[in-house]
Every structure is written in structure tokens, then in C-alpha cells.
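Structure first, then comments.
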Amino acid sequence: MPLKLTITSYQRLSPGQEPAKTLERGSLKIGRASKNDWILQDPERILSSEHCVVHYKDGGYVLTDTSTNGTFLNDSEQRIPRNQAVQIKSGDRFVLGEYEIAVAIVDTEIESEDEESEGPVTDIAFSPGLTPSPMAIPAIAPPELGASSDMIKPSFSE
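Heads up: take any position in the sequence shown, counting from 1, add 10, and you land on the working numbering.
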């Protein structure tokens with residue numbers, strides 16, 4: 011199943027910044043340098059040029075910190091050990107520099123069912139060629155305001 015990473019907080023997220031990346035197997039290099047798969051803008055240079063790598067391994071995803079300043083998983087004050095892969099799962103969050111990134115495993119079966127159910131919605135009552143039948147509509151104002159308790163019949167003209 012694909013992994014979706016989404017930036018959930020950053021103080022000055024610029025308009026050109028990709029807010030999310032999806033990975034299906036393989037690896038994803040994250041950092042401030044242009045050689046990365048996901049380039050995170052960092053004018054203060056807190057991030058390393060190649061800060062961390064997420065890759066698919068044995069049916070799951072792992073995160074490897076390759077940085078100078080560290081990558082932190084799930085509110086830990088201890089950085090992930092440098093160059094050691096740690097398992098990540100849906101619901102995890104990791105912090106690098108001023109970025110917090112949420113981890114989500116995308117269920118492709120649910121997505122494909124949603125895509126199949128999308129499409130034009132037809133309201134039979136307003137389909138071309140059908141004329142709505144007159145129906146009783148209750149009075150709008152309550153009787154104490156002078157409204158009749160009789161039902162109002164709408165008229166339709168062609």
C-alpha cells in the first residue's frame with residue numbers, strides 16, 4: 011500500500027512548496043538540496059541537504075535519519091539514531107527542522123471504491139422531459155400572523 015507524507019506544520023510554508031508526497035515502494039529522499047525527491051525549503055539551513063530517507067522494506071516503510079541536526083519521531087526529544095532505519099506506520103509524525111510531517115498508509119482498495127462511486131448524480135424530479143406534479147405546500151406563516159391554514163397549491167407553467 012502507498013505511503014502518504016503530508017506537511018502538517020511549518021511557520022512560513024511558501025506557495026511553491028509541495029505539501030505532500032506519496033511513495034509506493036522504492037525510496038524518497040527528503041532535504042533542502044535540489045537532488046532530493048522532496049525538496050523542503052529551508053532558508054535558515056536547519057535541514058541537511060539530504061536530511062532523511064523513507065523507503066519500502068519487507069512490506070512496510072522505514073525512516074532513516076541522515077542529517078546533522080536530527081529527525082524526531084512522535085514527539086520524542088531523542089533524535090532517531092543516525093543512519094539507522096526505524097519502522098514508521100500510519101498515524102506517526104516526524105519532525106525535521108521546522109517541518110512536522112504526518113505519515114498515512116493509503117488503502118488503495120477504499121480509494122478505488124470511492125472513485126467508482128463518483129460520477130454524475132441525477133435527480134429524477136428534475137430530469138429533462140419530466141414535469142413535476144403539483145403538490146400541497148404548507149402555509150409559510152403561522153396562523154397567528156394571519157396565514158391561512160389552507161394549503162397553497164403551486165402552479166407550473168411551461
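For each residue, glycine too, the CB sits at the ideal point set by N, CA and C.
Just so you know, these numbers come straight off a predicted model, no measurement behind them.
Cβ neighbours of residue 112 in the same chain (closer than 6 angstroms, five flanking residues each side left out): Position 102 of the sequence shown holds residue 112. So the list reads 16, 18, 103, once near-sequence residues are dropped.
Given that a residue counts as buried once 16 or more other Cβ atoms are within 10 Å of its Cβ, and exposed if not, what is residue 32? Taking the first residue of the sequence shown as position 1, residue 32 is located at position 22. Under a 10 Å Cβ-count criterion, residue 32 is classified as exposed, with fewer than 16 other Cβ atoms of the shown protein chains found around its own Cβ.
Give every residue of the same chain whose Cβ lies closer than 6 angstroms to the Cβ of residue 53, excluding the five residues on either side of it in the sequence, and list them in chain order. Looking up residue 53 in the sequence shown gives position 43. Around residue 53: no qualifying Cβ.
Determine the DSSP secondary structure at residue 2, reduced to helix, strand or coil. For residue 2 there is no data in the structure shown, the boundaries of the chain being 11 and 168.
Would you mind listing the beta strand (DSSP E) stretches within the region 20-88 that are 3+ residues and don't spill past its ends, in chain order? 30-33, 37-41, 62-67, 70-75
Take residue 80 and list the residues in its own chain whose beta-carbon comes closer than 6 angstroms to its own, dropping the five residues that flank it on each side. Numbered from 1 along the sequence shown, position 70 holds the residue referred to as residue 80. Excluding positions up to five away in sequence, the list reads 89.
Expressed to the nearest angstrom, what Euclidean distance is found between the alpha-carbon atoms of residue 179 and residue 114? Any question about residue 179 goes unanswered here, given that the chain covers just 11 to 168.
Under a three-way DSSP split, which group does residue 105 fall into? Residue numbering aside, residue 105 sits at position 95 when the sequence shown is read from its first letter. Reduced to three states, the DSSP call for residue 105 is strand.
Take residue 134 and list the residues in its own chain whose beta-carbon comes closer than 6 angstroms to its own, dropping the five residues that flank it on each side. Reading the sequence shown from its first residue, position 124 is the one you call residue 134. Here the model assigns residue 134 a pLDDT of 41, short of 50, so the residue's position is not dependable, and the following value carries that caveat. The answer is none, since no qualifying residue turns up.
For residue 14: DSSP bridge partner residues: Indexing the sequence shown from 1 puts residue 14 at position 4. Per DSSP, 32, 114.
Within 10 angstroms of its Cβ, does residue 58 collect 16 or more other Cβ (buried), or is it exposed? As a first step, residue 58 must be located in the sequence shown, where it is residue number 48. The residue is buried, with at least 16 neighbouring Cβ atoms inside 10 Å.
Can you check whether the CB of residue 63 is closer than 8 angstroms to the CB of residue 24? On the sequence shown, residue 24 is found 14 positions in, with the first residue counted as 1. On the sequence shown, residue 63 is found 53 positions in, with the first residue counted as 1. Contact: no.
Cβ-Cβ separation, residue 116 to residue 12 (assumed contact under 8 angstroms), whole Å: Counting from one through the sequence shown, the residue named residue 12 turns up at place 2. Counting from one through the sequence shown, the residue named residue 116 turns up at place 106. Right, the Cβ-Cβ distance comes to about 5 angstroms (below 8 angstroms), so this counts as a contact.
Spatial neighbours of residue 47 within its chain, please: C-beta separation below 6 angstroms, excluding the five flanking residues on both sides. Reading the sequence shown from its first residue, position 37 is the one you call residue 47. These residues qualify, in order along the chain: 38, 39.
Straight-line gap, residue 55 to residue 69 (C-alpha atoms, nearest Å): As a first step, residue 55 must be located in the sequence shown, where it is residue number 45. As a first step, residue 69 must be located in the sequence shown, where it is residue number 59. Between residue 55 and residue 69, the C-alpha separation is close to 34 angstroms.
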